[in-house]
Amino acid sequence: MGCFCSKGVKRTPGYEEPTVLAAETPFTVSEVEALYELFKKLSSSIIDDGLIHKEEFNLALFRNRNKRNLFADRIFDLFDVKRNGVIEFGEFVRSLGVFHPNAPIEDKIAFAFRLYDLRNTGSIEQEELKEMVLALLHESDLVLSEDVIETIVDKTFSQADAKGDGKIDQEEWKEFVSKNPSLIRNMTLPYLKDITLAFPSFVLRSEVEDSE
Amino acid sequence: VAPVTMNAFELISTSQGLNLSSLFEK
Numbered sequence: 012m013g014c015f016c017s018k019g020v021k022r023t024p025g026y027e028e029p030t031v032l033a034a035e036t037p038f039t040v041s042e043v044e045a046l047y048e049l050f051k052k053l054s055s056s057i058i059d060d061g062l063i064h065k066e067e068f069n070l071a072l073f074r075n076r077n078k079r080n081l082f083a084d085r086i087f088d089l090f091d092v093k094r095n096g097v098i099e100f101g102e103f104v105r106s107l108g109v110f111h112p113n114a115p116i117e118d119k120i121a122f123a124f125r126l127y128d129l130r131n132t133g134s135i136e137q138e139e140l141k142e143m144v145l146a147l148l149h150e151s152d153l154v155l156s157e158d159v160i161e162t163i164v165d166k167t168f169s170q171a172d173a174k175g176d177g178k179i180d181q182e183e184w185k186e187f188v189s190k191n192p193s194l195i196r197n198m199t200l201p202y203l204k205d206i207t208l209a210f211p212s213f214v215l216r217s218e219v220e221d222s223e
Numbered sequence: 023v024a025p026v027t028m029n030a031f032e033l034i035s036t037s038q039g040l041n042l043s044s045l046f047e048k
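Residue numbers (the working numbering), protein chains in the order written: chain A, 12 to 223; chain B, 23 to 48.
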């Protein structure tokens, strides 16, 4: 027989226990609980099914559900580890863990590499780099001539592609980031250290007390 | 910094799509 808990907390598909997620990420149990509050908010903004759909992700990022952005698409795809088109709570916490100030720098470097390896080939090709620069320019007011774009891409590639084989592999990327640490600045969200202040999990705690 | 002196990855990292702090705005 199932459990009929009148005060039971409704959990969504993909929900994982905070203690489990805290053990696998830089977050404490309280921080994971606070992230669950944020997750509930994001995952119910358009479709209240406890899963973050791409439109909900875009709405939170851009205040516009229909905005398309190459980088937001890439982030969404990397968060969606199961590749089922939605971000579940466990995926959300584990992925955000990489952005925690205390997460290992190797994890941040690896995540950024996967982000920029648009076609998932295991290396970043010159065409991909150019495609990303064009995407960035498209979303900004910056206008650069084709020549200038080529120069920026060529120059960056010549610095990063140490082996000169026309692609940046993980080893080269790691080396390049060690010389240019600012490249992974956006892989750290200082905000995550204060997540319990932003999303105090009073409700969750009182539910725990209720059941005791 | 003039864009032409910028590293392409530096330029890319300024994308709004990579600024996840927006997720935490109330």
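For every residue, glycine included, the Cβ atom is placed at its ideal position computed from N, Cα and C. Note that the structure is predicted; figures quoted are calculated from it, not measured.
Q: Compare the Cα-Cα distances from ASN41 (chain B) to each of A:ASN80, A:LEU49, A:SER54 and A:PHE50 and report the closest residue.
A: Indexing the second sequence from 1 puts residue 41 (chain B) at position 19. That would be A:ASN80, whose Cα lies nearest to the Cα of ASN41 (chain B).
Q: Return helix, strand or coil for ILE57 (chain A), following the three-state DSSP convention.
A: Your numbering for residue 57 (chain A) matches position 46 in the first sequence. Here ILE57 (chain A) sits in coil by DSSP.
Q: Give the interface partners of LEU32 (chain A) over in chain B, defined as CB-CB distance under 7 Å, in chain order.
A: Translated into positions along the first sequence, residue 32 (chain A) becomes position 21. Simply none; closest approach about 17 Å.
Q: Helix, strand or coil for SER151 (chain A), going by three-state DSSP, please let me know.
A: The residue given as residue 151 (chain A) occupies position 140 in the first sequence. DSSP, read as helix, strand or coil, puts SER151 (chain A) in coil.
Q) How many Å lie between LYS185 (chain A) and GLY108 (chain A) at the Cα? A) Position 174 of the first sequence, counted from the start, is the residue given in the question as residue 185 (chain A). Position 97 of the first sequence, counted from the start, is the residue given in the question as residue 108 (chain A). Distance from the CA of LYS185 (chain A) to the CA of GLY108 (chain A), rounded to the nearest whole angstrom, comes to 20 Å.
Q. Does the distance from the C-beta atom of ILE86 (chain A) to that of LEU62 (chain A) stay below 9 Å?
A. On the first sequence, position 75 is the one that residue 86 (chain A) refers to. On the first sequence, position 51 is the one that residue 62 (chain A) refers to. No.
Q: Indicate whether at least one CB of chain B lies closer than 9 Å to the CB of ILE86 (chain A).
A: Residue numbering aside, residue 86 (chain A) sits at position 75 when the first sequence is read from its first letter. It does; some Cβ of chain B falls within 9 Å.
Q. Using the rule of at least 16 other Cβ atoms within 10 Å of the residue's Cβ for burial, across every protein chain shown, is VAL8 (chain A) buried or exposed?
A. Given a span of 12 to 223 for chain A in the structure shown, any question on residue 8 (chain A) remains unanswerable.
Q: With a threshold of 16 other CB atoms inside 10 Å of the CB of GLY10 (chain A), please say whether the residue is buried or exposed.
A: Outside the shown range of chain A, which is 12 to 223, sits residue 10 (chain A), and nothing can be said about it.
Q: Determine, using beta carbons only, whether GLU48 (chain A) and SER56 (chain A) come nearer to each other than 9 Å.
A: Your numbering for residue 48 (chain A) matches position 37 in the first sequence. Your numbering for residue 56 (chain A) matches position 45 in the first sequence. Not a contact, by the Cβ cut-off of 9 Å.
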